[in-house]
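Chemist: Please read through the structure below; I'll follow up with questions.
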Amino acid sequence: MELSDLQEIRRAKAEALRDRGIAPYPTRAERTHTTKAALELFTSEEEAGTLHDSHTGETITLAGRIVSFRHMGKTVFAHIRDGFGELQLYIRKDVVGEAAYTDILKLFDLGDFVQATGDLFRTKMGEISLRARSVTMLTKALNAPPEKWHGLQDVELRYRQRYADLLANAETRKVFATRSRIVSAIRHFLDDRGYLEVETPVLQPLYGGAAARPFTTHHNTLDQTFYLRIADELYLKRLLVGGFERVYEISKDFRNEGIDRNHSPEFTMLEFYQAYGDYEQMMEIVEQLISAVVKEVYGGSTFVYQGNEIDVTPPWSRKTLWDAIRERTGIDYTEHPDADDLLAAARKAGADIETGTVWPRIVDELLKQFVRPHLLQPIFLIDYPLELSPLAKRKPDDPTHVERFQPYIGGGEVGNAFTELNDPMDQLQRFIEQQKDREAGDEEAMPIDEDFVNALMYGMPPTGGVGIGIDRLVMLLTDQATLRDVILFPAMRRLPASSTEAGSGDDDQ
RNA sequence: GGGCCUCUAGCUCAACGGCAGAGCAACGGACUCUUAAUCCGCAGGUUCAGGGUUCGAAUCCCUGGGGGCCCA
16 MELSDLQEIR RAKAEALRDR GIAPYPTRAE RTHTTKAALE LFTSEEEAGT
66 LHDSHTGETI TLAGRIVSFR HMGKTVFAHI RDGFGELQLY IRKDVVGEAA
116 YTDILKLFDL GDFVQATGDL FRTKMGEISL RARSVTMLTK ALNAPPEKWH
166 GLQDVELRYR QRYADLLANA ETRKVFATRS RIVSAIRHFL DDRGYLEVET
216 PVLQPLYGGA AARPFTTHHN TLDQTFYLRI ADELYLKRLL VGGFERVYEI
266 SKDFRNEGID RNHSPEFTML EFYQAYGDYE QMMEIVEQLI SAVVKEVYGG
316 STFVYQGNEI DVTPPWSRKT LWDAIRERTG IDYTEHPDAD DLLAAARKAG
366 ADIETGTVWP RIVDELLKQF VRPHLLQPIF LIDYPLELSP LAKRKPDDPT
416 HVERFQPYIG GGEVGNAFTE LNDPMDQLQR FIEQQKDREA GDEEAMPIDE
466 DFVNALMYGM PPTGGVGIGI DRLVMLLTDQ ATLRDVILFP AMRRLPASST
516 EAGSGDDDQ
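Be aware that the first sequence starts at 16, since it is given in this note's numbering, and climbs by one per residue.
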C-alpha cells in the first residue's frame with residue numbers, strides 16, 4: 016500500500032515523535048473527565064462560587080480528537096472532540112514549556128487523538144476551556160480529516176468509508192445514535208410486557224416466512240446447502256408450539272433482490288409473537304409500540320417526515336384492503352377472480368402491470384401503485400386476500416380473506432402482521448398452493464416446510480404475530496429518504512482490483 | 001435489466017473545445033484570548049480507465065468501471 020504525500024508527511028511526524036522517545040501510539044490513556052463531565056464540573060463550580068481566581072482548582076485530564084487548531088504565535092487554541100462533545104484547549108508556550116509547545120506546533124495535526132491535562136476557565140470570549148499544562152499524543156492520524164466546513168459530501172465515499180462520514184458529519188452520527196435509541200426503546204417496550212428475546216438460526220436448511228429469494232451457501236462438513244434467513248417467522252412460531260407465550264427477535268434478514276432506497280439485501284427485522292393473541296390485539300400493541308418509540312425520540316407523538324407532519328397518537332385508522340383499493344381505483348377485486356380479468360380492469364384504471372402477473376401480485380400492485388402513496392398518516396390496512404398470505408388465518412366470516420394487517424406511515428409499509436395460521440392441514444394445503452406458484456415460475460413463492468407442519472401438528476395456540484422493518488422505521492424517525500442512510504455499512508459493489516486487493520476472483524457464478 | 005445524471009488536488013468545488021484554478025487541509029513564516037482566526041509566502045493533478053474526433057480534449061464521440069436518481 017503506497018502512502019500519499021500527505022500521509023507520508025504525517026507518518027514522518029510519527030517517526031519524529033518516536034525518535035524523541037515519545038510513543039505516537041501509546042498503549043493507554045489517562046482520561047479523568049469526558050468533555051461533558053468537564054463542562055458540568057466547571058458550570059457547577061461557577062454556580063457554587065468555588066472557582067479559584069476563576070479557575071477550577073481540580074486538575075483534570077481530557078482525551079479526544081483534535082478537530083480545530085488555531086495558532087496565534089505563543090498560544091494555540093484547539094478543540095478536541097470525544098464521544099460526548101467538544102471542548103476548547105488553551106495552550107500557552109510559557110505553560111507547557113518550549114519543547115512540548117514546539118512538538119504540538121510541528122508534530123500534531125487535525126485528526127490526531129490527544130490527551131490534555133490542566134484546569135478549566137472561561138476565555139475572554141466566554142468559552143469554557145481547558146488551560147493545558149500538558150498535551151500528549153494518544154494516536155497519530157495519518158489521514159487528514161475531510162474538509163472542516165462542508166464535511167464529507169461524496170455519497171459513494173460516505174457509504175464506502177462510513178468511518179470518515181461519521182467523523183466528518185455530525186448529522187450522520189446523530190442518525191445512528193437515534194437508531195440505537197429506537198432499537199433500545201423497542202426492547203424496553205417488549206421486555207416490559209413479558210416478551211422473551213430469543214435467537215433463531217440465521218443459517219437455515221429451508222427458508223420461509225416471506226416471499227423472497229434467498230442467499231444460498233454451503234456447509235462443508237455437513238456437505239449441505241443452507242440459506243440465509245429471509246424471515247424468522249417459522250422458527251418463532253415453533254417456539255410457541257414449545258410453550259413460550261411471548262417471544263421476539265431483532266435480527267438481520269437477507270433477501271437476494273435489488274437494492275434501492277427502500278431495499279437492502281441485508282436488513283433488520285423485528286418479529287414478535289403472542290399466544291392467545293389475534294390481529295386486533297396486535298394492532299393495539301403496534302400503535303402503542305410505535306407511539307412509545309416516537310415519544311422516546313421526539314418527546315411527543317408527532318414528527319416530520321420529508322416535509323409532512325405525522326401524528327402517531329392511537330388509535331390509528333383502519334381500513335380493509337378491499338375498501339382502500341375500491342376507493343382509489345373503483346376496482347372490486349372480488350368481482351375479478353380471474354387474473355386476466357383483473358389485469359384488464361387494473362390497466363383500465365391506469366395501472367402499469369406486466370402481462371402474466373399472477374392474481375395476488377396484481378392486487379399487490381394495485382395497493383402499491385394507487386393506495387400506498389396516499390397513506391401518510393398512520394393507518395392499518397386490514398383483511399388481505401387469502402392468496403397473498405400463506406401463513407395467516409382465514410377470517411371466520413369470509414374464508415377468501417385472512418386476518419392480516421399492514422401498518423403504513425409516511426407513504427411506506429413498516430410492517431406486516433396476522434392472526435397466525437395454526438391449522439396444520441390448512442397450512443400444508445397453503446404450502447402446496449405456493450408450490451404450484453413456484454412451479455408456475457414465481458421464484459418468491461415459499462417452499463414446503465414439512466417440519467413446520469409437523470410442529471403445528473403438536474398444536475400452536477391461537478397466536479398474533481407482527482413483523483416490523485427496523486430500517487424503514489428508523490428512516491421515518493430520522494427523516495432520511497434512503498435506507499442506505501440508516502445502515503452503517505450498506506452493501507456496495509466491490510471496486511476494481513487495484514484498490515481493494517480483492518481475493519481471487521470470486522465474482523464468477 | 002432500461003433511461004437520465006455524475007466522477008477534476010487529501011476534502012469541498014470551479015473551468016464546459018484554447019495555458020487545469022480557488023477555498024479548506026498541507027508545507028515555510030508573522031502573531032500570547034482565538035471561534036470557518038487573520039496576514040505573507042510556497043507547493044500540490046494519470047481531470048475514473050482505454051480508445052476516437054480535432055491544429056488543440058477535463059470539455060465532443062465510443063467502450064468499459066464506480067456512484068446517484070427514476071423506471072422495470
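Every residue, glycine too, gets a C-beta built ideally from N, C-alpha and C.
All figures in this text were calculated on a predicted structure; none of them were measured in a lab.
1) Let me confirm a value: residue 81 is counted as buried when at least 16 other C-beta atoms fall within 10 Å, else exposed. Which label applies?
2) Short check: CB of residue 41 to CB of residue 29, under 8 Å?
3) Could you have a look at residue 410 and say whether DSSP puts it in helix, strand or coil?
4) Where does residue 203 sit, in a helix, a strand or coil, going by DSSP?
5) Count the CB pairs spanning the stretch 448-461 and the stretch 313-333 that are closer than 8 Å, and state whether there are at least three.
6) To which residues does DSSP link residue 75 through a beta bridge?
7) Who are the Cβ neighbours of residue 48 in its own chain at under 8 Å, not counting the five residues just before and after it?
8) What three-state label does DSSP hand residue 447 in the structure shown?
9) Determine the DSSP secondary structure at residue 389, reduced to helix, strand or coil.
10) If you compare alpha carbons, which of 505, 490, 504, 497 is closest to residue 193?
11) At the level of alpha carbons, what is the spacing between residue 485 and residue 183?
12) DSSP three-state call for residue 463: helix, strand or coil?
13) Assign residue 319 to buried or exposed, taking buried as 16 or more other Cβ atoms, counted over all protein chains shown, within 10 Å of its Cβ.
14) Which whole-angstrom value describes the C-beta separation of residue 399 and residue 336, a residue pair presumed to lie in contact below a C-beta threshold of 8 Å?
15) By DSSP's criteria, residue 266 is part of a beta bridge. Which residues make up the other side?
16) Residue 281 to residue 270, Cα distance in whole Å?
17) Report whether the distance from the Cβ of residue 429 to the nearest heavy atom of the ligand FAD is below 7 Å.
18) Give the range of the beta strand (DSSP E) segment to which residue 97 is assigned.
19) Taking the C-alpha atoms as reference points, what is the distance between residue 393 and residue 462?
20) Excluding the 5 residues preceding and the 5 following residue 449 in the sequence, name in chain order all residues of the same chain whose CB lies nearer than 7 Å to its CB.
21) Which residues in the same chain have their Cβ closer than 8 Å to the Cβ of residue 20, if we skip the five residues on either side of it in sequence?
22) Counting pairs of beta carbons, one from the stretch 303-318 and one from the stretch 369-376, are three or more of them closer than 8 Å?
23) Buried or exposed, going by whether 16 or more other CB atoms sit within 10 Å of the CB of residue 416?
24) Can you give me the start and stop residues for the beta strand (DSSP E) that residue 181 sits inside?
25) In the DSSP assignment, the beta strand (DSSP E) including residue 303 goes from what residue to what residue?
26) Indicate whether the contact test is met: 3 or more Cβ pairs, each with one atom in the stretch 141-156 and one in the stretch 108-124, closer than 8 Å.
27) When you compare the CB positions of residue 130 and residue 46, do they come within less than 8 Å of one another, or not?
28) Do the stretch 380-397 and the stretch 423-443 touch if we need at least three Cβ pairs shorter than 8 Å?
29) Measure the C-alpha to C-alpha separation of residue 110 and residue 133 and round it to an integer number of angstroms.
30) Quick check: the stretch 186-203 against the stretch 491-502, are there 3 or more CB pairs under 8 Å?
31) Whose CA, out of 69, 159, 341, 481, lies closest to the CA of residue 136?
32) If you check the beta carbons only, do residue 433 and residue 408 fall under 8 Å apart?
Modeler: Inspection of the coordinates gives the following:
1) Position 66 of the first sequence holds residue 81. Result: buried.
2) Start at 1 with the first residue of the first sequence, and residue 41 comes out as number 26. Start at 1 with the first residue of the first sequence, and residue 29 comes out as number 14. Contact flag unset, no.
3) Reading the first sequence from its first residue, position 395 is the one you call residue 410. Strand at residue 410.
4) Translated into positions along the first sequence, residue 203 becomes position 188. In the structure shown, residue 203 sits in a helix (DSSP, three-state: H, G or I).
5) no
6) To locate residue 75, count along the first sequence from 1; it is residue 60. In the DSSP output, where bridge partners are listed per residue, residue 75 has 133.
7) If you number the first sequence from 1, residue 48 lands on position 33. Here the set comprises 56, 75, 76, 77.
8) Taking the first residue of the first sequence as 1, we reach residue 447 at position 432. In the structure shown, residue 447 sits in a helix (DSSP, three-state: H, G or I).
9) Along the first sequence, read from residue 1 onward, the residue named residue 389 stands at position 374. Residue 389: helix per DSSP, three-state reduction.
10) Within the first sequence, the letter at position 178 stands for residue 193. The shortest Cα separation from residue 193 among 505, 490, 504, 497 belongs to 490.
11) Here residue 485 is taken as the residue at index 470 of the first sequence, counted from 1. Here residue 183 is taken as the residue at index 168 of the first sequence, counted from 1. Their backbone Cα atoms lie some 26 Å apart in a straight line.
12) Looking up residue 463 in the first sequence gives position 448. Note: residue 463 maps to coil in three-state DSSP.
13) Here residue 319 refers to the residue found at position 304 of the first sequence. Residue 319 should be labelled exposed.
14) As a position in the first sequence, residue 399 is number 384, starting the count at 1. As a position in the first sequence, residue 336 is number 321, starting the count at 1. That belief holds up - the Cβ atoms of residue 399 and residue 336 are roughly 5 Å apart, short of 8 Å.
15) The sequence position of residue 266 within the first sequence is 251, counting from 1. For residue 266, which the question treats as bridged, DSSP gives the partners 284.
16) Numbered from 1 along the first sequence, position 266 holds the residue referred to as residue 281. Numbered from 1 along the first sequence, position 255 holds the residue referred to as residue 270. So the alpha carbons of these two residues sit roughly 7 Å apart.
17) As presented, the structure is devoid of all ligands, the ligand FAD included, so that no description of it is given.
18) Here the question's residue 97 lines up with position 82 in the first sequence. Run containing residue 97: 90-97, per the beta strand (DSSP E) assignment.
19) Residue 393 sits at position 378 when you count from the first residue of the first sequence. Residue 462 sits at position 447 when you count from the first residue of the first sequence. So the alpha carbons of these two residues sit roughly 33 Å apart.
20) Locating residue 449 in the first sequence gives position 434, counting from the first residue. For residue 449, where only same-chain residues beyond five positions count, the Cβ hits under 7 Å are 405, 460, 461.
21) One-based indexing of the first sequence puts residue 20 at position 5. Around residue 20: no qualifying Cβ.
22) no
23) Residue mapping note: residue 416 aligns to position 401 of the first sequence, counting from 1. Under this definition residue 416 is a buried residue.
24) Against the first sequence, residue 181 aligns to sequence position 166. No beta strand (DSSP E) contains residue 181, which is instead part of the alpha helix (DSSP H) from 177-183.
25) Residue numbering aside, residue 303 sits at position 288 when the first sequence is read from its first letter. Looking at the DSSP string, residue 303 is not in any beta strand (DSSP E); the run it does join, the alpha helix (DSSP H), is 294-313.
26) yes
27) For the purposes of this step, residue 130 is taken as residue 115 along the first sequence, with counting starting at 1. For the purposes of this step, residue 46 is taken as residue 31 along the first sequence, with counting starting at 1. Their beta carbons are under 8 Å apart, which means residue 130 touches residue 46 by this criterion.
28) yes
29) Here residue 110 is taken as the residue at index 95 of the first sequence, counted from 1. Here residue 133 is taken as the residue at index 118 of the first sequence, counted from 1. When rounded, the distance between both Cα atoms is 10 Å.
30) yes
31) As a first step, residue 136 is located in the first sequence; it is residue number 121 there, counting from the start. Ranking 69, 159, 341, 481 by Cα distance to residue 136 puts 69 first.
32) Here residue 433 is taken as the residue at index 418 of the first sequence, counted from 1. Here residue 408 is taken as the residue at index 393 of the first sequence, counted from 1. Taking 8 Å as the Cβ cut-off, residue 433 and residue 408 qualify as a contacting pair.
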